[in-house]
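Take the sequence shown: its position 6, counting from 1, is numbered 46 in this note's numbering, and each next residue is one higher. C-beta atoms are modelled at their ideal positions from N, C-alpha and C, and glycine is treated no differently. Everything on this sheet refers to the single structure shown next.
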Amino acid sequence: MAVDATQPYDDQNVFAKILRGEIPNKTVYQDEFALAFHDINPQAPTHVLVIPKGAYVCWDDFSAKASDAEIAGFVRAVGTVARDMGLVALGYRLLANAGTDSHQEVPHLHVHLFAGKPLGPMLVR
Ligand code: 5GP
């Protein structure tokens with residue numbers, strides 16, 4: 041079921057469990073502000089999820105409530121992941137679903153990082 045972006049944070053969501061180490065993940069990067077790991081159901085040759093370590097439902101929640109340090113740390117982490125994975129030269133796509141119309145499934149902010157082939161049109165037409 042798609043996430044209602046206005047709902048309070050649910051600390052039983054799957055990414056909260058990953059952050060607490062209760063569910064395994066294939067980590068590609070982490071620092072004080074962010075964790076990056078491979079998506080369990082990849083939609084491209086490279087499909088990594090980058091999540092903030094803080095408890096934020098979606099982009100709306102994060103952009104309204106996170107500290108400047110958390111926001112800067114998260115944005116820098118996304119860039120670091122792409123650089124460290126060698127994705128800058130051929131390019132990559134970032135996508136963050138927020139709320140019902142976007143079909144956000146997991147109610148913890150995550151940015152999808154897709155790469156590894158020409159990624160086609162931005163949205164299904
Ligand atoms: P959304 O639709 O919320 O933007 O994307 C959620 C993503 O989380 C999906 O691409 C899905 O495959 C991924 N996902 C869901 N559960 C797990 C999990 O337990 N581990 C990992 N690594 N990815 C997950």
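Tell me which same chain residues have a C-beta within less than 7 Å of the C-beta of residue i, skipping the five on either side of it?
i, result
"residue 94", "106, 110"
"residue 91", "55, 74, 75, 148, 149, 150"
"residue 11", "What is shown of the chain runs 41 to 165, which leaves residue 11 out entirely."
Is residue i near the ligand 5GP, going by C-beta to nearest heavy atom under 7 Å?
i, result
"residue 53", "no"
"residue 145", "yes"
"residue 159", "no"
"residue 71", "no"
"residue 101", "no"
"residue 141", "no"
"residue 114", "no"
Looking at the structure shown, is residue i part of a helix, part of a strand, or coil, going by DSSP?
i, result
"residue 159", "coil"
"residue 146", "coil"
"residue 77", "strand"
"residue 135", "strand"
"residue 151", "strand"
"residue 59", "helix"
List the residues that DSSP assigns as beta-bridge partners of residue i.
i, result
"residue 120", "Answer by DSSP bridge pairing: none, since residue 120 is not bridged."
Please confirm whether residue i has its beta-carbon closer than 8 Å to some beta-carbon of chain C.
i, result
"residue 53", "Of the chains in the structure shown, none is chain C; there is only one protein chain."
By Cβ distance, which residues of its chain are closer than 6 Å to residue i, with the 5 residues on each side in sequence left out?
i, result
"residue 69", "76, 121"
"residue 79", "87, 89"
"residue 84", "154, 156"
Tell me which same chain residues have a C-beta within less than 8 Å of the C-beta of residue i, skipping the five on either side of it?
i, result
"residue 86", "125, 127, 132, 153, 154, 155, 156"
"residue 96", "49, 102, 105, 106, 148, 149"
Checklist entry - Is it true that the segment 119-133 meets the segment 44-62, where meeting means three or more beta-carbon pairs spaced less than 8 Å apart? => result no
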